[in-house]
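Here's the structure, in structure tokens; my notes come after.
Protein chains in written order, with my numbering: chain B, 23 to 261; chain A, 669 to 969.
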């Protein structure tokens, strides 16, 4: 992750922000002059205190919000100029693990995970086997037909991760993915994300869990009062 | 369209729960309005056809005082025969026949009762005249000649009645079809409201669907499938009740008889047009839902 946009190689970047500012409606700006680039296949942490702007920055990256100013480029396309009808195709290349999971309570774990495939128009006959295999991979083979409300926090988290990766996104954005689970499950989830990163998925994890950042060796980006700094290269971490 | 569980939990919506009732009532009213319009249209056309190309000649009973002594009945028959002779010899007249007393009695029965003839009322004799479609009968001249030959005779060419009838049928028909259009527009307005409420209730779910790559059309289809189910049920029930009401009106209207009501029957084509109504209403509702969802979603990122 590079904050100086002049020094990044734009060709291999999946995400590029240049002097981005963001405000909600007519409110005050919550992000100021954000500039960075994410190379394909990288793994980064995004940290900062609550209310610093982590979730807002993530919202910009998963195309839930447009910037008030500046340039955001996703997969080489300026999102400000992408027509609305083409946003869906861009979003399908992004996997998101939401802070509150955002699982659909009226659907089973299997149907929740199958959603991105159905939306992409996959054939129904292929969906079940594919989804069941992924849920087995995240250790939920016995809960395919369970509703999210009957699952524990950790299990819901794994369903959310399975939903985020089922369609093989190029980038996975996880917003406080360990916020609702204990340390042991948080560490297991992080190993899961590392596995995805090893097979080529670019990963960004927003968290304020310092112990996770200390434990896993990835460059860390810091945001405070809407200003982005970093990435910090801690001893032993890959930049 | 698949019938698996909808991605948007619309089944729990309080607003959509009443959609079948709303659509059902509106289809019922639209069916009645459309059937009424068709009956009025047919009746107007039938009246026009039956009255155009005809004249009615009234030969009043001679004044008994003025006629002094003598057989009034025989005198009246002679007056009618004279009028008939004159009419049959008029160019353009293809037929002239006296309407029987029995038929006059039948026509008067709804107003005067079954004993109309035995009341010895001084009823005029009626002559039904049919004219050639190509003939231009000079009605005022014919009236003058008849008045000269048979004093007191009146010729009615139904022109005023026809004009009023035509105006009435046209206005009534327009009102009926206008009512049907208003009813369908009410359905549209109700569906727009219900859909917007559903979108507001499920905004979070819709946002999730968007963020994992759903097109607006995918979300709209979720609403349309749900609406199709509910509207189909409502339209079917409303149409069945509407048809039952039309059949009941035909049955009891037919029993009135006596020319009080026009013919209430519908042609095969008209029944077919009525049968299209529930499908058209359902299609209208589903298309409205799609447009409403697409327009509302266009305001989201």
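Beta carbons are placed, not taken as given, at the ideal position from N, Cα and C, and that holds for glycine.
Specify the secondary structure class of residue 41 (chain B) as computed by DSSP and reduced to three states. strand
Answer yes or no: does any C-beta atom of chain A fall closer than 8 angstroms to that of residue 4 (chain B)? Coverage of chain B is limited to positions 23 through 261, which leaves residue 4 (chain B) absent and any answer about it impossible.
Our contact map puts residue 117 (chain B) next to residue 61 (chain B) with C-beta atoms below 8 angstroms; I'd like the distance itself, whole angstroms only. About 17 angstroms; that fails the 8 angstroms criterion.
Worksheet entry | For residue 134 (chain B) and residue 677 (chain A), the rounded distance between their alpha carbons | 13 angstroms
Candidates A:753, A:731, A:754, of which the one nearest residue 743 (chain A) by Cα
A:731
In chain order, each beta strand (DSSP E) run of at least 3 residues that lies wholly inside the stretch 88–167 of chain B: 91–96, 116–119
Interface positions of the stretch 881–893 of chain A facing chain B (Cβ-Cβ less than 7 angstroms), listed along the chain = 881, 882, 883, 886
**Message:** At the level of alpha carbons, what is the spacing between residue 920 (chain A) and residue 857 (chain A)?
**Reply:** 35 angstroms
(Q) Which residues of the stretch 933–948 of chain A have a Cβ closer than 9 angstroms to any Cβ of chain B? Give them in chain order. (A) none
### Message
Is residue 199 (chain B) close to chain A? Criterion is C-beta to C-beta, closer than 8 angstroms.
### Response
no
- Hey, quick one: how far does the alpha helix (DSSP H) through residue 778 (chain A) stretch, first residue to last? 769–780
query = What are the residues of the stretch 110–122 of chain B that lie near chain A, defined by any Cβ-Cβ distance shorter than 7 angstroms?
reply = 110, 113, 114, 118
### Query
Candidates A:906, A:722, A:781: which alpha carbon is nearest residue 761 (chain A)'s?
A:722
Worksheet item: Using a beta-carbon distance below 8 angstroms, is residue 677 (chain A) in contact with chain B?
Response: yes
Assuming the contact rule is C-beta atoms closer than 8 angstroms, residue 43 (chain B) and residue 73 (chain B) should be a hit. Round their C-beta distance to whole Å, please. Incorrect: roughly 17 angstroms between the Cβ atoms, too far for contact.
Next item on the list: Tell me, please, whether the CB atom of residue 248 (chain B) is closer than 8 angstroms to any CB atom in chain A?
Entry: no
Item to check | Nearest residue (CA-CA) to residue 729 (chain A), options A:792, A:757, A:701 | outcome: A:792
Beta-carbon neighbours of residue 898 (chain A), restricted to chain B and to distances below 8 angstroms
Correct list: empty, because the minimum Cβ distance to chain B is about 17 angstroms.
Practice task
Compute the Euclidean distance between the alpha carbons of residue 41 (chain B) and residue 694 (chain A), then round it to the nearest angstrom.
Solution key: 56 angstroms
Work out the CA separation of residue 112 (chain B) and residue 841 (chain A) for me, nearest whole Å.
55 angstroms
### Task
For residue 698 (chain A), verify whether its CB is less than 7 angstroms away from any heavy atom of the ligand GDP.
Looking for the ligand GDP in the displayed structure turns up nothing, as the structure carries no ligands at all.
Going by Cα to Cα distance, which pick from B:231, B:236, B:176, B:232 is closest to residue 214 (chain B)? B:176
Q. Which whole-angstrom value is the C-beta distance of residue 906 (chain A) and residue 692 (chain A), which I expect to be below 8 angstroms?
A. 4 angstroms
Label residue 861 (chain A) either buried or exposed according to how many other C-beta atoms from any shown protein chain fall within 10 Å of its C-beta, with 16 as the threshold for buried.
exposed
**Asked** If residue 795 (chain A) sits next to residue 754 (chain A), beta carbons under 8 angstroms apart, how far is it from one beta carbon to the other, in whole angstroms?
**Response** That pair is no contact at about 10 angstroms.
Separation of residue 933 (chain A) from residue 807 (chain A), as counted between CA atoms: 35 angstroms
Would you mind reading off the limits of the beta strand (DSSP E) that contains residue 878 (chain A)?
Element bounds for residue 878 (chain A): not the beta strand (DSSP E) but the alpha helix (DSSP H), 871–879.
Please confirm whether residue 84 (chain B) has its beta-carbon closer than 8 angstroms to some beta-carbon of chain A.
yes
Check whether the stretch 232–252 of chain B touches the stretch 73–89 of chain B, counting contact only when three or more Cβ pairs, one atom from each stretch, lie closer than 8 angstroms.
-> yes
Bridge partners of residue 66 (chain B), per DSSP?
-> B:226
Using the DSSP secondary-structure output, state which residues sit across from residue 243 (chain B) in a beta bridge. B:68
- request: Note down the Cα distance separating residue 886 (chain A) from residue 141 (chain B), rounded to an integer number of angstroms.
  value: 7 angstroms
9 angstroms Cβ cut-off: residues of chain A touching residue 91 (chain B) = Neighbours of residue 91 (chain B) on chain A: none; closest Cβ ~16 angstroms, over 9 angstroms.
**Asked** Using the C-alpha atoms, what's the distance from residue 965 (chain A) back to residue 910 (chain A)?
**Response** 36 angstroms
For residue 188 (chain B), does the three-state DSSP call read helix, strand or coil?
coil
* Asked: Along chain A, in chain order, which residues have C-beta atoms closer than 8 angstroms to that of residue 107 (chain B)?
  -> 883, 884
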